[in-house]
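Chemist:
Have a look at this one:
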C-alpha cells in the first residue's frame, strides 16, 4: 500500500510521534518539521483514560477485560462496548455497533431473567481505494490489491446503492457515475 501511495505522490511516514500540528506543517520527533497540503493522521487506539485500573480489569491497551457476554470481568451488572471493550478485534464503528446490539440484548435478558447472547468477535472486511482502478482489500485473512480489489469496491458500491434506491436509480447512479465524490476546492481568498 505504501508503494502505491508513494507512486501517487503521497509520503507515508510510520512510527513517528507527532509533536505539533500547525496549518500546512507538522513537527515530528526532535525538531523535524514537514510541510503538508493534506494530512491524514492515524494513531494507535487506547481505551478511555478515565478507566481506573485499581477498580476495573484492563488489558494492555487500557480497554476493559470482558467475558463472552460483554460483562466487565468481576462485575455482573457492568457491560462494555466499542473502544472500551477488549474483544480481540480492531476498534471500528462496525465493532462498536455490533457490541452495542449484543450488550443491549444482554442487559434486557438480565432484567427479564432471559438468556444472554454470546458476543462473537467479527473482524469486518475493508476496501481502501487509492487512485483510479486500484484498491487494497482485506476479507477475513485474505489480503489483495490492484484492479480486482477496485472492481470489488465498485460492486460493493452497487450493492449498497441497491439497498437504498430503486433498481433503476441505483443502476443509473452507479453506471452513470452520479455518485462520485465531489471535488472540494479551497475558496479563493
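Residue numbers (our numbering): 17 to 205.
Ideal Cβ placement from N, Cα and C applies to all residues, glycine included.
1. Give every residue of the same chain whose Cβ lies closer than 8 Å to the Cβ of residue 121, excluding the five residues on either side of it in the sequence, and list them in chain order.
2. Identify the residues that DSSP records as bridge partners of residue 36: which are they?
3. In its own chain, which residues sit with a C-beta less than 8 Å from the C-beta of residue 33, not counting the 5 before and 5 after it?
4. By the three-class DSSP mapping on this structure, what secondary structure does residue 110 have?
5. Less than 7 Å between C-beta atoms, sequence neighbours within five positions excluded: which residues of the same chain meet that for residue 84?
6. To the nearest angstrom, report how far apart residue 30 and residue 129 are at their CA atoms.
7. Which ranges would you report for the beta strand (DSSP E) in the segment 64-91 if only whole runs of at least 3 residues count?
8. Nearest to residue 167 by alpha carbon, out of 181, 191 and 185?
9. What number of angstroms, rounded off, separates the C-alpha of residue 28 from the C-alpha of residue 144?
10. State yes or no: is the C-beta of residue 115 within less than 8 Å of the C-beta of residue 80?
11. Apart from the five residues just before and just after residue 141, which ones in its own chain have a Cβ nearer than 8 Å to its Cβ?
12. Using the Cα positions of residue 99 and residue 112, report the straight-line distance between them to the nearest angstrom.
13. Which residues in the same chain have their Cβ closer than 7 Å to the Cβ of residue 41, if we skip the five residues on either side of it in sequence?
14. Any idea what DSSP makes of residue 49, helix, strand or coil?
15. Classify residue 167 as helix, strand or coil using the three-state DSSP reduction.
Modeler: On the basis of the data shown:
1. 132 and 133
2. 43
3. Hits under 8 Å: 44 and 45.
4. helix
5. 134 and 135
6. Each residue's alpha carbon lies about 50 Å from the other.
7. none
8. 191
9. 15 Å
10. Cβ atoms of residue 115 and residue 80: not closer than 8 Å.
11. 153, 154, 155 and 156
12. In this model, residue 99 and residue 112 are separated by some 7 Å (Cα to Cα).
13. Cβ within range, chain order: 49, 50, 51 and 52.
14. strand
15. Helix, per DSSP.
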